[in-house]
Structures are given as structure tokens and as C-alpha cells.
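Here is the structure we will look at.
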Amino acid sequence: MSTVIKCQGCGAILQTEDQSKVGYVLSLDHEYCQSCYRLMHYGEANIHFHPEDLPNLESDSLILMVSSVLHLDMLFSYPVYRYQPDAHFVYVINQIDLLPQSTNLDKLVEKLTQKARSLNVPFQDLILMSAKNTFDIENLKKYLTSYRHKNIYLLGVQNSGKTTIYKALTNQTKALAFKKAGLTQEALSSPFGDQIIYDMPGLYQEGYLHQLLPYEVYKNLIPDIEMKPKIYQVKDQQALMIEGLISIVFKGTNMSAVFYGHQNLKIHKTNAKRVKELLLNKEEHFKVFVHDYEEKALRIPKGKTQITFADMGFLHVIGPMHLKITYPKGMHLSMTEATFQ
Ligand SMILES: Nc1nc2c(ncn2[C@@H]2O[C@H](COP(=O)(O)OP(=O)(O)OP(=O)(O)O)[C@@H](O)[C@H]2O)c(=O)[nH]1
Ligand SMILES: [Mg+2]
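Okay, here's the thing in C-alpha cells:
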């Protein structure tokens, strides 16, 4: 009988036959597959594989649906409870350390709970936490032991921090947690008291930065520390250019816009007339650019509106005003009420 050996970084089954497939190693006595090794030592990400099927989950289980605060607009879009109606679901909103410190977290919980109720999402609890905060991890440990389920699954979209939580809960040091989306390939598992915690491969979400840009580029665009507000006063027909990726043309009077994202993002104001030319000659002007763009015209109603740009960050604007946004073709963009003030 042949035994299955898994990569300790991503859970892929190790194999020596096909270099183009996941889990490839020169020799089966290696701890890490070649992709994990290259990611750890050279920061390179070659193979990009996205498991598409929902994994098999035991019925009498506790499922932690992990979401990053960057993905809040899509929070309830995976109806996992339809696939496994007997399980208990707890929503874990991770990476709250990315939100501005002034965020009213109680209000956020209230809003998300309301939304879940209006969508008839069955769940036991909704927890806000940061996997980087030891206090939050200790609280989560205590919380999990209050459940009697044998199996605890960490499930959720790619890059939401499942592996980071798994490592912190189980003191596993070898599993890899990086900004590379789709890193975990197969379930990793570890005992947790008399329970077992499973770190599952991330669910694939369309339109995020990893679909549009190489890892070496997008890892520098996804925020990793508190997103401090960048405030802009804009006049009619002025535009904000965000890296070489997004342009936002404003129409209205007395307008301001606040951008929340990676601290090193390059944002500058320009005239709407220059946007086309800048994007046409993007190679001369920007470090980051794509080749295909699409355009969206948005009518912003009275009050505060949040525009989410994939997993890059948020723009807050106060309507009424009109916006014309040019952005990479296929990038996820949504308009919602502000999830934080
Ligand atoms: N600031 C901050 N970063 C976090 C937190 N949790 C995870 N991260 C970072 O987010 C990135 C992705 O984390 P992972 O744990 O690999 O995410 P994942 O959900 O396992 O991703 P996949 O395996 O691709 O599905 C890593 O760079 C982590 O360091 C958090 O609470 N706060
Ligand atoms: Mg993972």
C-alpha cells in the first residue's frame, strides 16, 4: 500500500512525476513541495491552482466561515449552508486590524447581523477578530472549546487568513500563510484538545487582484496594516488616479473622497481630460498597469457610499455626485453603504 505524503506548507499530495502539477518534488522525503519552497525562499509564485469544488464536510461539524474585512461586500455570497445544512456556522470576520482604529466595531457587527438576517443566513454567531492579535486568538480558543463538535473547519475565500488562524490555534509552524491567493491546496488538520481543526483550501472569488496581476505585484497592493484614510478635495471634472490601475472622474460640486488601502499606494489628482492619455501611455507613468480596462458610470446618492475595489481597498464619497470609474477589465467593484465611518 502506498502512503500519501502531504506538503507541510500547502497540504498538496507530494508527487515526483509532473513538474507542472501541484505537489511536485524532486524527492518524496522533502517537507515542502517545490512551489512552497520557491515561495518561502525566493518569494516566487508560479503555479496558480484554484480548487473549484466545495470540499466534503462532515455533517456534525462546526464551520467557521472566515472572511477578510476587505471582502465584506461579498460576505454572504457563498451559500455553504445549502451544501451542509446540518453543520453549525459561525462567521469569523478576520483582519479587523486593517480597519481604521476609529471604526465602531459594535455597529459593524450590528449591520452585518442585520444583513445576515435579511438574507436568511443560518448562523450561530458573528465574531470580529484579528489573527495577528494574541488576545483575539485566546478568545477564539475558549470559544471553540465551548462547542462539542468533533470537527472544526476553517472555510472561506482565498487570502482571508484561514491558515494564519489555524497556525495560531494549533501552534503549527510549518503551514504557509502568505498573500498568495490559493496557497492552501488540500486540507491541513491538527488536533485541538479532543477536537480536530481543518484548514481548508480557499474558495475562489472572481475579480480579485490575483486574477489580474502577478503575485510579485499584487502582494504590494493588498493592505497588511491599518488602512489610514487619505483625504482628497476634488473639483468637478477632476480625477483620482490610483497606481496605473484605476481612475475615478468626479462630477459635482464641493466634493471630497477618502481612500482606504495600502499605505504605499500611489494616488494622484489629475484633470479628467488627461486620464485617457495617461492610461494610453501607462508604461511611462506608472509602475503597475494592465492592458484591458472597462468603464462604469455611477450615480452616488445622498449620504455616504463605499466603493470597494476588489481586495485593494475602499473609497468613501458623500453624494449626490456622479463618478466615472475606469478599472481593469474583470476587476470586482461594488457600491454599498459604508461598512465603517
Ligand atoms: N493584518 C492582518 N493580516 C492577516 C490576518 N490574517 C491573515 N493575514 C495575512 O493575510 C495573508 C493571507 O493569509 P492566509 O492565512 O494565507 O490566508 P488563507 O485564507 O489561508 O488563504 P488561502 O490558503 O489562499 O485560501 C497573509 O499575508 C497573512 O499574514 C490578520 O488578522 N491581520
Ligand atoms: Mg491557506
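Just so it is clear: in the sequence shown, position 325 is 595 by the numbering used here, and no numbers are missing. We put the CB at the ideal spot given by N, CA and C, even for glycine.
Three-state secondary structure (DSSP) of residue i
{"i": "residue 283", "result": "strand"}
{"i": "residue 388", "result": "helix"}
{"i": "residue 292", "result": "coil"}
{"i": "residue 305", "result": "helix"}
{"i": "residue 594", "result": "strand"}
{"i": "residue 348", "result": "coil"}
{"i": "residue 334", "result": "strand"}
{"i": "residue 362", "result": "strand"}
{"i": "residue 443", "result": "coil"}
{"i": "residue 566", "result": "strand"}
{"i": "residue 379", "result": "helix"}
{"i": "residue 587", "result": "strand"}
{"i": "residue 605", "result": "strand"}
{"i": "residue 271", "result": "Caution is warranted here: a pLDDT of 48 is assigned to residue 271, below 50, making its placement in the model unreliable, and the coordinate value is therefore given only provisionally. Three-state result, residue 271: coil."}
{"i": "residue 610", "result": "coil"}
Euclidean distance between Cα positions of residue i and residue j
{"i": "residue 303", "j": "residue 287", "result": "12 Å"}
{"i": "residue 332", "j": "residue 282", "result": "24 Å"}
{"i": "residue 589", "j": "residue 574", "result": "6 Å"}
{"i": "residue 608", "j": "residue 420", "result": "38 Å"}
{"i": "residue 316", "j": "residue 452", "result": "12 Å"}
{"i": "residue 274", "j": "residue 346", "result": "35 Å"}
{"i": "residue 479", "j": "residue 413", "result": "33 Å"}
{"i": "residue 458", "j": "residue 355", "result": "23 Å"}
{"i": "residue 271", "j": "residue 343", "result": "Because residue 271 carries a pLDDT of 48, less than 50, the predicted location of this residue cannot be relied on, and the following value inherits that uncertainty. Approximately 47 Å between the Cα atoms of the pair."}
{"i": "residue 329", "j": "residue 357", "result": "5 Å"}
{"i": "residue 290", "j": "residue 305", "result": "10 Å"}
{"i": "residue 561", "j": "residue 524", "result": "33 Å"}
{"i": "residue 551", "j": "residue 568", "result": "26 Å"}
{"i": "residue 455", "j": "residue 522", "result": "48 Å"}
{"i": "residue 530", "j": "residue 606", "result": "15 Å"}
{"i": "residue 416", "j": "residue 334", "result": "14 Å"}
{"i": "residue 584", "j": "residue 381", "result": "18 Å"}
{"i": "residue 485", "j": "residue 448", "result": "10 Å"}
{"i": "residue 468", "j": "residue 350", "result": "16 Å"}
{"i": "residue 325", "j": "residue 373", "result": "35 Å"}
{"i": "residue 311", "j": "residue 390", "result": "45 Å"}
Cβ pair residue i, residue j closer than 8 Å
{"i": "residue 422", "j": "residue 462", "result": "yes"}
{"i": "residue 438", "j": "residue 407", "result": "yes"}
{"i": "residue 510", "j": "residue 502", "result": "yes"}
{"i": "residue 578", "j": "residue 545", "result": "no"}
{"i": "residue 513", "j": "residue 543", "result": "no"}
{"i": "residue 429", "j": "residue 581", "result": "yes"}
{"i": "residue 444", "j": "residue 547", "result": "no"}
{"i": "residue 498", "j": "residue 533", "result": "yes"}
{"i": "residue 610", "j": "residue 425", "result": "no"}
{"i": "residue 603", "j": "residue 559", "result": "no"}
{"i": "residue 460", "j": "residue 433", "result": "no"}
{"i": "residue 496", "j": "residue 327", "result": "no"}
{"i": "residue 549", "j": "residue 517", "result": "yes"}
Whole-Å CB distance - residue i paired with residue j, under 8 Å assumed
{"i": "residue 337", "j": "residue 363", "result": "6 Å"}
{"i": "residue 539", "j": "residue 508", "result": "6 Å"}
{"i": "residue 375", "j": "residue 340", "result": "Wrong, their Cβ atoms sit about 16 Å apart, outside the cutoff."}
{"i": "residue 519", "j": "residue 594", "result": "4 Å"}
{"i": "residue 309", "j": "residue 450", "result": "6 Å"}
{"i": "residue 313", "j": "residue 446", "result": "Incorrect: roughly 12 Å between the Cβ atoms, too far for contact."}
{"i": "residue 564", "j": "residue 599", "result": "5 Å"}
{"i": "residue 528", "j": "residue 500", "result": "7 Å"}
{"i": "residue 361", "j": "residue 396", "result": "4 Å"}
{"i": "residue 473", "j": "residue 353", "result": "The pair is not a contact, with the Cβ atoms about 11 Å apart (cut-off 8 Å)."}
Residue-level contact to chain C via CB, residue i, 8 Å cutoff
{"i": "residue 557", "result": "Protein chain content of the structure displayed is limited to a single chain, and chain C is not contained in it."}
Ligand 4 heavy atom lying under 7 Å from the CB of residue i
{"i": "residue 469", "result": "Within the structure as shown, ligand 4 is missing, the only ligands being ligand 1 and ligand 2."}
- Query: Hey, which unbroken runs of the beta strand (DSSP E) at 3 residues or more fall wholly within the segment 396-437?
  - Reply: 421-425
- Sequence ranges, beta strand (DSSP E) only - wholly within the segment 502-527, length at least 3: 508-512, 516-521
- Item | Within the segment 533-562, ranges of the alpha helix (DSSP H) (whole runs, at least 4 residues) | 542-550, 552-555
- Any beta strand (DSSP E) of 3 or more consecutive residues that is wholly inside the segment 454-495: 458-462, 465-469
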